[in-house]
Amino acid sequence: METITQIGCKVCLDDFGNGFSTFKYLKYLSVQILKIDGMFIRDLIDNYENQVFVKAMVNIAQALNKSIVAGFVENAETLALLNSLGVQYVQGYYFDKPTDKHKVFYNQG
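Numbering (the numbering used here), first residue to last: 3 to 111.
See below:
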């Protein structure tokens with residue numbers, strides 16, 4: 003992974019918070035980005051515990067100088083809450099649906 007980062011690529015640890023092994027990976031792998039597991043985001047608005055967990059993950063990312071991403075953003079309310087919790091980057095259906103790779107490459111030309 004060091005070779006990849008040396009040429010400018012960033013490595014993301016996906017499903018952060020899903021199981022204790024993610025802390026092991028975080029400790030031993032050279033990652034620059036943490037992506038919060040979707041189970042914490044799906045019902046974030048109505049689940050205070052998930053809000054606490056997300057804030058804790060943000061604090062961990064900040065303390066370790068990592069970027070943090072949340073997926074499964076499906077509405078403005080979730081986006082606003084994630085912003086207030088300190089999440090830096092978001093993705094989800096609120097912004098757009100996944101795009102077919104052929105459409106992406108076609109639009110590049």
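Ideal placement from N, C-alpha and C gives every residue a C-beta, glycine not left out.
For residue 20, count the other beta carbons within 10 Å of its own beta carbon; 16 or more makes it buried, fewer makes it exposed. Which is it?
Counting from 1 along the sequence shown, the entry for residue 20 is found at position 18. Residue 20 should be labelled exposed.
CA-CA distance, residue 23 and residue 73?
Position 21 of the sequence shown, counting from 1, holds the residue named residue 23. Position 71 of the sequence shown, counting from 1, holds the residue named residue 73. Approximately 20 angstroms, taken between the alpha carbons.
Residues bridged to residue 69 (per DSSP):
By 1-based counting over the sequence shown, the position of residue 69 is 67. 35, per the DSSP bridge assignment.
Which of the three DSSP states is assigned to residue 92 in this structure?
Within the sequence shown, the letter at position 90 stands for residue 92. Looking at residue 92 - three-state DSSP - the assignment turns out to be strand.
Reference residue 8, options 34, 95, 49 and 28, closest by Cα:
By one-based count along the sequence shown, residue 8 stands at place 6. Looking at the Cα atoms, 34 is the closest of the given residues.
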